Each structure stands twice: as C-alpha cells, then as structure tokens.
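Residue numbers (the working numbering), protein chains in the order written: chain W, 1274 to 1900; chain D, 1274 to 1900.
Contents: one structure, followed by commentary.
Protein chains: 2
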Amino acid sequence: MLGAADRGYDRDMNDAAFWRELGQQLLVDSIRASDAAGSGHPTSSMSAADLIAVLLAKHLHYDFGRPEDPRNDHLIFSKGHASPLYYSFLKAAGAITDEDLLTFRKLGSRFEGHPTPVLPWVDVATGSLGQGLPIGVGVALAGKRLDHLPYRVWVLCGDSEMAEGSIWEAFEHAAYNGLDNLTAIIDVNRLGQTRQTMHGWDLDSYAERARAFGWHAIEIDGHDVEEIDGAFAEASHMEGRPTVVVARTKKGKGASEVEDLEGKHGKPLSDPEKAIEELGGVRSLRVEVARPERDGAPRKIDPGHGVQWPRWGADDKVATRRAYGDALAALGAERADVVALDGEVSNSTFSELFAKAHPERYFEMFIAEQQMVAAAVGLQVRGYRPFASTFAAFFTRAYDFVRMAAISRARLCLTGSHAGVAIGEDGPSQMALEDLAMFRAVHSSVVLYPSDPNQAAALVRLMADYPGIAYMRTSRGATPTIYGPDDRFEIGGSCVLRSSEEDQVTLIGAGVTLHEALKAADDLSAQGVAARVIDLYSVKPVDEETVRQAAADTGAIVTVEDHWPEGGLGDAVLAALAEVDGVRVRKLAVTEMPGSGKPEELIHAYGIDADAIVAAAQDLVRAPAGA
Amino acid sequence: MLGAADRGYDRDMNDAAFWRELGQQLLVDSIRASDAAGSGHPTSSMSAADLIAVLLAKHLHYDFGRPEDPRNDHLIFSKGHASPLYYSFLKAAGAITDEDLLTFRKLGSRFEGHPTPVLPWVDVATGSLGQGLPIGVGVALAGKRLDHLPYRVWVLCGDSEMAEGSIWEAFEHAAYNGLDNLTAIIDVNRLGQTRQTMHGWDLDSYAERARAFGWHAIEIDGHDVEEIDGAFAEASHMEGRPTVVVARTKKGKGASEVEDLEGKHGKPLSDPEKAIEELGGVRSLRVEVARPERDGAPRKIDPGHGVQWPRWGADDKVATRRAYGDALAALGAERADVVALDGEVSNSTFSELFAKAHPERYFEMFIAEQQMVAAAVGLQVRGYRPFASTFAAFFTRAYDFVRMAAISRARLCLTGSHAGVAIGEDGPSQMALEDLAMFRAVHSSVVLYPSDPNQAAALVRLMADYPGIAYMRTSRGATPTIYGPDDRFEIGGSCVLRSSEEDQVTLIGAGVTLHEALKAADDLSAQGVAARVIDLYSVKPVDEETVRQAAADTGAIVTVEDHWPEGGLGDAVLAALAEVDGVRVRKLAVTEMPGSGKPEELIHAYGIDADAIVAAAQDLVRAPAGA
C-alpha cells in the first residue's frame, strides 16, 4: 500500500491538529451544502463533525475506490438527516467533488435529502430514525458469524432517536451476540426538533442504559478530538462486547448564529458567510483513508447438507407454512448465500427446518420484529440472501423497516404465516388481514400467496432470485395438494384450474380461498353454471393477461380473499381491469371484526367460503351486465 | 360498603393460605378452559397464577359490577395469550360463570383466544406482544395528568415480550412522566415459544435495565404469595417512580406434565385430569374484590380558552397541516375531552398550536411512534379523545398498534403530515407513499385527505365524533383556499368542483393532486374537452354514488394520487366501480422510487401533475370504450 507521502499527502493522519482542521472543514461544508440546497439539517450535522473527522482520519478502514470490497468497514448514519455531514465526509475522503456536494437535494442529484444507496458507499437508506443501529447489528452479525472478517461497523446515532424502541432491540441483540465489531456513537447534542430531549446532556442516562443492556460505554466530550480518538481506539480493541461512545456535543457547533440554540433544527443558516468566517473559511483537505488492514475473503460456506427438494403427492395434505420450511431448508443446501431469521415462532412458521439443517446460518431474533427485518437488511448488505419469517400479522410491527428497505434497494424474502380468519381459535390479534395491502404498497415488492405445498416450495426458489422485496403469505392449516412437484410457476403468473368455452363467471382466489373457489365451481357446475377458476398466487404483480381474458370471456368475476376488502387480492384484480370495459367484479373479503372459532366456522361466518362464492356467482350470473 | 361477612364471604382476603388456594384455582381453571377449547396457552397462564391471585385478593381495586367506574384500577394482560388465566380471574371475581369460562375460544363466545373489549372488563385487546405496557402508560398518564384520580394501572408482562422495543419506549416514558401509579409485573417463566428467552431466570438483567431507565425494581419469587404481597404493597406506596415487579416463575407451574419444560407452549395439557388432581382438584372460590377506595370523580377540565374556530378567505394560501393545528386548538377550546400527542415534530404537524393553547392536554411523546399510538389508545380507555400526529410516513412505525387499536374498538384520531413526493427536498424516507393503503386496510377506519384549509378544519371536527379510527393526511405545502369556512363536508362525502352535461372525462384527486386536477380541467377545457373534477376528500369510505354517477355520465375516469399505485385513492375508486360496467379508469400514481427536488419538479417528474392528468384524459377520450 502506498503511504501518504507517496500519494502526495504530507499531513499526518494521526495528528490532532489535522483532525481539528478536518472537523472545521466538515462544519463548513455542511453549512455550504445546506445553503446551496436552501434546506437540510446543517446544525444536526455540525454536532457530529469532530466525531466523524477523527473516524475518517484514523479509525475507519475503507477503500472508497472499491466500496464492494468485503473487507471494508461499514459506516451507517442512523441519524440520516445529518446528510450534509455525510456528503462532506465523502468529499474529504476524495470520493466525491465539491461540485457534487453542492448538488445536495437538487432534482436528479444522487445527494438526496437523506442518504440512500444510489451512492455506492451508502449501505442502506436512513432518515426514519432508530433504524441504522439495528441494521448495523445485521451487518455486524454477518461479519462475526458468516464472513469471519475483521471489519468494523460504525453507527452514528442521534440522541433523539434513542427514544425509538428499535434502538433498544438493537442494544439487546448486539450484546446477546457479543458483537464487539460494532460501535455506536451517540451524538448527544441535547436538542431535538422542537425541544430538549428527555435526557439533555445527561450522558450517564445513556451510558447506564447501555451498560445494563450489556454494552461497554465510554462518555466523552464529542468536540475533544483526542478524547474521541481514545474512545474509538478503546472500542476497536474491546472484546466480547459492543461499545457505545456517548459524546457530549453542541448542535450547530462553532457557528454563533446557531450553536446550542433551540429553533435551529432542519434549516440552513441565515448568514452562512459569517459562520464560515467564524470557522476559518473553506478548506479542501483530503484524507488518505486507511484501507482494510488485512487480506482475507469472506469464509466460504459449504451449503451441502444433502437436503432434498421436497415433493408432495396428490394425496398429501400439507400446510404451505410447512412447505415453506422444507423448501427453505433444501434451498439452503443448494445455495450458500441463503440465511434465515425468525421472531421466536420458528416452530409455527417452520423456519425451524432450516435452523436444524443449517444452524450456522439461522438467526434467532426472539420477539423483536423490527430488529429481525433490520438484521435481514444488514445481512443482505453483505450479499447474503435473508429469509425472515414470523406470523404475517406481526410484520405490521416492522412496516417502517420494510418501507425503508425498499428505499435501501434491499433484497429481502419475508414470509408471514397464520394469515386470515382461517387460523381459527387464536382470534383477531393473530390473524393477518392487512398483510397483502401492506406489502402491495411497498415499492419493488412482489406478493405471493400459494395454495398448495408444491407451489409454495417453487415460490420459495423464485423469491430467492427476486431483486427486491418478496413477500409470501403462508397458511396455518393443511391444504390439499393440487399441483405436481415439477409444475412451474412464475412471479406475475397464475393458474387457470377450471376453464371451458361456456364459462359464465370467473372465480379468483389464492391460498385458503382457492380451495373454496374450487368447491364453489363444483357446486355451481351441479347447478348448471360453468365457472372458471383462477389461482392468483402472484397477488403482485398480477397476471393481467389471464385476468383480462377471463373478464372478456365471462364478463363476471368473483374474487375471494381471507383479508380485509381493502388493498388485497380483489383490489389487485380490479387494478388489472381498470381500463377494461364490460366486466363486473364482486369482491368477497372479511368485513367484520372476527372472533375465535374453528377455521371452517370462521370462513363461513365471515363470508369467504364456497357457499358465499356460489351465492355471489349466482347473483352476478342472474343479473348480467347492463340488466 | 358491605363487608365480606355481610355478603356471605367468610374468608380473609388478607390470608396467605387463601391466596395459595386461589392460585391453585386459577391454575386448575386455566387448564380446564384450555382443555374445553382444545387449544390455548395454559402453561403461560399457570406461571402467573399466584401473581394474579394475590393481586385479585388484596391489591386490585375494582368494581366488577361497574366496569365504567372511573375510579377503578386497570389490569392489562400485556401477555394476552395468558387469556385462560384472565378468564379464570374473572370467574374468581364473580364477573363470569364457570359455564362462561368453558366457552373459551368457541364460535360466538366473548372469551376469545386473546382478550378483547367485547368483554366490559377488558380495556384493550392484547395478543400482539409488547403493547400492553405502552398502553398502560397511556392509562396511567390519564390518571396522573388528566383525571387526577388515585387508580392504579397493573400490567402483566411476559418475559419474552421484553425483547420488543416498544416495551422500552414504555419504560422510558413511564419514568420520564413519574408514573408511580403504574406497576409492571414481569412473569419471568424463562421459556418462550421455542426456546429459553435471552435472559432465562436472570432476574437481575431485567431489574438492572429497568433501574437504568428510572424505575423502581423488585425481584421476587413469583410463587411465594407473601413475597408477591410485599412487592405489590411496595409498588402501591412508591412515589415519583413506576415500579416493576420481576417475578421468577415456572411455566406450567404445579403440573408435572408441563412444569418448566420446553415444548409445552400454546397447547392444552394431554392429561388434564391428572394435573387437576395434582393441584388439589376443582375449586370455586369467589373473591370479594376491593372496591375503589376513595370517592372522587375525574377532575373537570375547563376547555374555555377562547380560541376561535379558524376561517380562511379565498385569497389565503395555507397548508392543510397548519389548518389541522388551528382547528385542533379551537376544538380543544370547545371540548374538554380532546387531547393531543405528537412524536416530537409538533412544529411540522402544527399540533404545537394545540400544545400552546392547552398545554395540560398535550402529551409530548418524543420520537417514539409506537408509544405515541399506544398512549392514545390508553387515553381513550379513560374516555379522552386523542389526536396523535407525526409525519405520515412514520405512522408505518406504529402499524401494529393501529391494527390492534381496531381490535380494541378504540376511538383514535391520527393525522399524518408531509405526504407524498410533494414534500420535496427531504427525499423518500420522509415521503408517505403508503399511508392511504395502510390506513384503508384497518377495520373501522376512515381515511380523509383534505385539499384546502377550511376543509381540513371541518374534517378535524368530524374526526372527533367518529367512533373508530379516523386518519387524516395533511400536506406540507400551502394550497389555495377553494372552500368557504362554512362549507359542509362529511365522512363518505366528496365535492364535485367542475361539472357540465358535456363532460367527457372525470378527474378525481385529493389533497395536492386535486389542485393539479383543477389545472388539468382548465387545460382540457382550452383543448375542447369537458372534464368533471371530483374532490375525493373521503378516501374511505368513498362517495360511491358520486363516483358511479361520474362513471355513468362520462365513461372515463382519471384518478391521481401522491401515493404508490396500490391501495390508495385510485383503488378506492375502482372498488366503488367494481360492479359497474361501461367505465374505464386510468390510475395515476407514483411508480418510481423518488429522489429529492422541488415539490413542483417532483410531482411533474413522477407523473402526477396537471400535464400528466391532461395526457391521460386525452388518451382516454381519444380511445373511447369499446374502441
């Protein structure tokens, strides 16, 4: 590796005077970027400038020319609104130019209001507070348990975001997993958006909480570069425990117009020229950032455990959740990159089958769904293919993390079991009735809902290759096997299971309701009504061609789903038919708050069983279009 | 009040021997209820039986004949799956019969798999873990800051749910607010669903965390009734701080088939007869529960602060978020029951206007959206009418709490600001693009989206009277005033702003896009195309009649929304037209991941501005139905 002098750098990266100058540059550039944009969060950037200066100059190991290098450290700005500081940091590292910096927040610029991975050095999008640290836990887990590489994960947190429970899920899991490769830096600038935080500059309050959760905690003056250096060195050498550096800082540091003042959140300085003068003017220091120290590559995982791909015969009755587990275990034997996480319900979701086959690639996240999804995001940062599972209803707990994962351009496979009233006795708290709506309204998502075990298994394989967020809804109860183990399915596909030239009505279901639709078609047939049946296992994207053909052929469609009426399978069908004329659609869904009961009692009581489908179809057929 | 002897009770509620017998009864009844149901969580109930026995016999003050009595204590089973214990407790209190108990989990029974407020003694639904304690914080806040009544809030937590971050949000807020009327009881039975918890029987780990968060913590043997009694007495007398009782217990206590064994979660005992025999057989003890000790009524709040209802003139340009704040402040001056909460963005959502006018009724929840919604649920338990606000995007953080609030039959008003790409520079992490879908898919919800300040204000008043979950989406930027201050709106209504007998196409928008639709109608008119314009301010329920009339009149509809295509305004329109023939709908929505830019640049770039509407309308008109 070339030394600083060889590359034209004549400054000592270990020199405190240089760190101070670099800190001033980061302050000035944060002010300049926000001023150029006419908006942004300079004061929240300024409090952390000295922390980031010392990190950049001495402790971070990162090859900015090769952001994909697996040996690189990871730096996550959990306080994503400090984006002016982050982009100023990139400039100081030589990764971007000053001109780049000044495109901050402009249309088409990669330097967005909050950092996103449209920049190659950004692992994940932040900006919804309390997410960077739990994602950092995921990256650190990858380093520790999968890669076996010595990279460090540095996460800059704001003090305001310590109020988010997800932060404490991260503290818990980092300590439980002994993540000494993780350092959280809390920028305690005391001021939130509208007032002082709950703890102000009481550094002890943060440090004591962290220690109670099993972390090593160091309290420092966040503007004393030597204290910062000492703390980062201590964090880097800590063994067996993660470290939190609790740094007392001043919001708007160094600029009299804003320093430590309320009412200065989230806006440019009104007199940036004066502030820049106070800070000693514009600088263009360039840091020769330390490259990853050691050679090495991620440890190779041997996937081969001889788990066979599951196959079910026509007489098997198997729950799709069980098929998910079998297929995932088999996929893990084919692909070394597949990992699994669960929220302490692995014997319900059947991710336990993966855990048994590949224990070194299974991550138990206990009952912390936010941390589970965040860890999955962190694992995919390092190239792994995470499958995370819990009850479908409990993914609602992590919706903000899923939303942000889409902005992170993350590749995630999420599987929710125990959907709908068909779970039976456990009652509405355990019944996902909004998951299809929730996951459809995620950018880049696909939503899959198999109705038989062979199909569920095939969809698991497709999910693994999908370059976005793939959600699968599985069912609690056993369903008949209606597909062969070699049948092919595709994202955006559907299966026409009953069809004739005389079809008067089309029945569209998926999962539990597909089997009801098949029964209804038999009943209708006995009553002289020919019904087409479509298995809409890909709820997003929808197989528009097949749905439109059915509309053209039959003019009447009944959709049926174990879900609220809004945003699910029925709405997906309607969207496919938005510009199609000459078809009427009757949506069957759960419209009342359910209680407990047996599965078959509940799907009857809430009007999504074969009886309800027959009645709806008869009604549509009796009153044809235009009548 | 009658004494125990007068009412035919001859036992001493203060007698430890009685507490033990009562505990045995609760064990036996938990087993019997689960056995009768054929499912349920007896072992998770049994660990807490002694805790609940002592609470019921001595420390709880509750008039079971008058569950609406404001002086009653509150008991929340945060571990809702211990419902067999809860229902056994109700039986022991004389509130229900043994026959009632044995209807557990059957169709039509009020004794659902997890408790819900279909029972008058249940404040809120639980069953999604980690919610009972933050809701309890809300109830305790009502007691402390609004009612000024000495009732206590007791929350039974499982040890597994301590992994949920929301629990730590609750710990933070309870301590910050000095809620010494709140007692959390952690049933540390060490065993989760599939394995031991992260901390097993390490009571210190919980107690130290709690103390670091500012609580008083007491560690006890949860099967020693005298220790339990001592701890509850200590909690009841603690001043200035909430208390947590950390109780070491055994899952499946007292039944050799299940006690402290793995693999016994969530299923009835296989030999209930033997277990009941081990436990000394069936009992029918009845507790004379202590009534609320003191007389008293909730403190009367004087709402009158002379805040006038806001009125805007035709020339005013005002953001709907600002109008929300003005109207809420005025509503607070009319109605003493209205309270407000915010997630530390009150100067963005403008709930600060309420806070300034009615500081005693404003609750700052800092950046803890789960706790914010949970506190709102708790406040409405006590009859208050909470309005909770944050950025619309950040309600995704609390979706599970909103979902459960619907099961709780809660009355909540939630307002999300900064919706869509129209916020501009802050970028996608701050842009709600899924909130309409998320809130539409909530049972009992209404979804409102005003486009002018007078309308926003009027909708605030309607929200306050809505008996369910009312969500309003407000906009960041100022919009023209198009309605008068006395115009009337209704939930389920719409406004037809442009209409003629020659209309060839209908444009439907709301909020920001309504103004684009109006511009588009002008442009289309100049091009010789007559366009109807509908303000669909009630996205759920939709004004089906007006939409269907427009479909019949024009045969072509363009919907436009600052939202992903799935589950929002466009899908609501399509659902209204599901069974309507002869209309084609073109949905305009945000289909690519946005970046930063100016609001007008972004609505143009993502195809939801007047230009896009004109193009879509022209396209539909040029290619009429059937062409």
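All C-beta atoms, glycine included, are put in the ideal place defined by N, C-alpha and C.
The model shown is predicted, which means the values in this text are computed figures rather than measured ones.
Between the beta-carbon of residue i and the beta-carbon of residue j, is there less than 8 Å?
i: W:L1780; j: W:A1793; result: yes
i: D:L1614; j: D:M1638; result: yes
i: W:G1364; j: W:D1460; result: According to the sequence displayed, residue 1364 of chain W carries Lys and not Gly. Contact flag unset, no.
i: W:E1294; j: W:L1558; result: yes
i: W:A1306; j: W:L1375; result: yes
i: W:L1721; j: W:Y1744; result: yes
i: W:V1531; j: W:A1289; result: no
i: D:D1336; j: D:P1571; result: no
i: D:H1538; j: D:Q1466; result: yes
i: D:A1596; j: D:P1726; result: yes
i: W:P1541; j: W:P1315; result: yes
CB-CB under 7 Å to residue i, same chain, minus the five flanking residues each way: which ones, in chain order?
i: W:V1894; result: Q1777, V1778, V1802 and A1829
i: W:P1867; result: V1694, P1701, M1704, L1875 and Y1879
i: W:D1453; result: M1511, E1512, G1513, R1514 and P1515
i: D:E1500; result: I1493 and D1494
i: D:A1436; result: M1471
i: W:A1885; result: L1861
i: W:A1630; result: H1578, V1580, A1602, G1605 and A1606
i: D:S1401; result: D1673 and M1677
i: D:V1887; result: A1793, D1796 and L1797
From which residue to which residue does the beta strand (DSSP E) around residue i run?
i: D:L1614; result: V1611 to D1615
i: W:K1860; result: R1857 to L1861
i: D:Y1228; result: Residue 1228 of chain D falls outside the range modelled here, since chain D spans only 1274 to 1900, and no answer is possible.
i: D:D1808; result: A1804 to D1808
With DSSP as the reference, please indicate the residues paired to residue i in a beta bridge.
i: W:W1427; result: W:L1348 and W:T1456
i: W:S1529; result: According to DSSP, W:S1529 bridges with nothing at all.
i: W:R1482; result: DSSP, once it has assigned bridges, lists no residue as partnering W:R1482.
i: W:R1749; result: DSSP lists no partner for W:R1749.
i: D:S1619; result: Paired residues: none, contrary to the question.
i: W:S1662; result: W:D1615 and W:T1688
i: W:I1764; result: Answer by DSSP bridge pairing: none, since W:I1764 is not bridged.
Take residue i and list the residues in its own chain whose beta-carbon comes closer than 8 Å to its own, dropping the five residues that flank it on each side.
i: W:A1415; result: G1651, L1652, V1654, R1655 and Y1657
i: D:G1554; result: V1301
i: W:W1474; result: V1461, R1463 and R1521
i: D:D1892; result: R1859
Could you spell out where the alpha helix (DSSP H) holding residue i opens and where it closes?
i: D:L1770; result: Per DSSP, D:L1770 belongs to no alpha helix (DSSP H); it is in the beta strand (DSSP E), C1768 to R1771.
i: W:S1318; result: P1315 to M1319
i: D:Y1598; result: This sequence places Gly at residue 1598 of chain D; Tyr is not what is there. Where D:G1598 is concerned, the enclosing alpha helix (DSSP H) stretches over T1593 to E1607.
i: W:P1541; result: Run containing W:P1541: none; DSSP gives neither H nor E here.
i: W:E1372; result: D1371 to L1374
i: W:S1382; result: Counting along the chain, W:S1382 falls outside any alpha helix (DSSP H), and DSSP gives it neither H nor E.
i: D:K1364; result: S1356 to A1365
i: W:I1261; result: Not covered by the structure: residue 1261 of chain W. The range shown for chain W is 1274 to 1900.
i: W:E1507; result: V1498 to H1510
i: W:V1654; result: E1642 to V1654
Under 6 Å Cβ to Cβ from residue i, same chain only, skipping five residues before and after it: list those, please.
i: W:E1817; result: A1849
i: W:F1384; result: Y1360, T1376 and F1377
i: D:F1736; result: According to the sequence displayed, residue 1736 of chain D carries Met and not Phe. Contacts found: C1686 and A1743.
i: W:G1560; result: Per the sequence shown, the amino acid found at residue 1560 of chain W is Val instead of Gly. Cβ within range, chain order: L1329, A1330, A1365 and A1366.
i: W:S1317; result: H1354 and A1355
i: W:H1489; result: M1511, R1514 and T1516
i: D:D1610; result: Y1657 and R1658
Can you give the beta carbon distance from residue i to residue j, rounded, assuming they're within the 8 Å contact cut?
i: W:Q1404; j: W:F1674; result: 6 Å
i: D:A1679; j: D:P1407; result: Incorrect: roughly 17 Å between the Cβ atoms, too far for contact.
**OP:** With 8 Å as the limit, tell me which residues of the stretch 1444–1477 of chain D have their beta carbon closer than that to any beta carbon of chain B; keep them in chain order.
**Re:** Of the chains in the structure shown, none is chain B; the protein chains are W and D.
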